[in-house]
Amino acid sequence: MKKLSSQISSFAKPATALFVYISRFGMLPPNMSPLGSFGFFGQNIFLYFFTIISFDYFKGGFYSGFLFTYLGFLSYWIFGKIAKTQKLQVFLLPFASFTFFLISNLGVWWYSYPHSIAGLLACYTLAIPFYKNTLIGDLVFGYGFLSAKFFVKLFFRHKNNSEILSQTV
């Protein structure tokens, strides 16, 4: 069972990274992507940022303030590291989305708006529709990932129990 589980895991990580990379080519509404969930649930920070940087390089996505966006992406990974249990993962994923929203839009404000309270409020107010899409994407892909993980564990547990029963009969 461990061998099959390891094979699935070794296939799932690059397949997920490829899916995340392809999804950034505009198949989804703006800011709705599996990228935040990939960072939140992914263990490999290098694969996570390689996916982001390689896409941005090929798509020409480097712009003033992109470092704020990358810091926002880093917050997903940090929240994911904090969330050790499934209950914490369910609870902290929306907070990771909100943190990304705050950090990335701070960069938008810094480079695109007047440096005043009015400019800051205008920036965050106009960013709310993008946050809505970010949150929806994170919840759909993140909770979808948790559901898939649950069913894979259930499958292996059932398969293992079936093998044990067949050996004892």
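Once you know that position 2 of the sequence shown is 1 in numbering that gives the first Met the number 0, the rest is easy, because the numbers rise by one and skip nothing. All C-beta atoms, glycine included, are put in the ideal place defined by N, C-alpha and C. This one's a predicted model, so the numbers in the text were calculated from it and none came from an experiment.
| Query | Result |
| --- | --- |
| Check whether F37 and Y47 have beta carbons under 8 Å apart | yes |
| A117, DSSP secondary structure in three states | helix |
| Buried/exposed call for A147, threshold 16 Cβ in 10 Å | exposed |
| Own chain residues within Cβ distance below 6 Å of G136, not counting five before or after | M31 and S32 |
| Simplified DSSP assignment, three categories, for T50 | helix |
| Three-state secondary structure assigned by DSSP to Y112 | coil |
| The stretch 97-108 touching the stretch 116-133, judged by at least three CB pairs closer than 8 Å | yes |
| Residue-level contact to chain C via CB, F90, 8 Å cutoff | Annotation note: the requested chain C is absent from the structure, which comprises a single protein chain. |
| Cβ neighbour criterion (16 or more within 10 Å) applied to T133 | buried |
| Per-residue burial, F193 [other beta carbons within 10 Å of its own, 16 or more giving buried] | The structure shown does not extend to residue 193, since the chain is modelled only from 0 to 168, so the question has no answer here. |
| Inter-residue spacing [alpha-carbon to alpha-carbon] between P113 and K86 | 41 Å |
| Assigned secondary structure, Q85 (DSSP; H/G/I helix, E/B strand, else coil) | helix |
| Span of the alpha helix (DSSP H) around G59 | Where G59 is concerned, there is no enclosing alpha helix (DSSP H), given that its DSSP letter is neither H nor E. |
| Pairwise C-alpha distance: F72 and I52 | 11 Å |
| N- and C-terminal bounds of the alpha helix (DSSP H) containing A34 | For the sequence presented, residue 34 should be read as Leu rather than Ala. Segment L34 to F40, the alpha helix (DSSP H) holding L34. |
| Alpha-carbon spacing of F78 relative to I116, whole angstroms | 28 Å |
| From I102, N104 and Y75, residue whose alpha carbon lies closest to that of F90 | Y75 |
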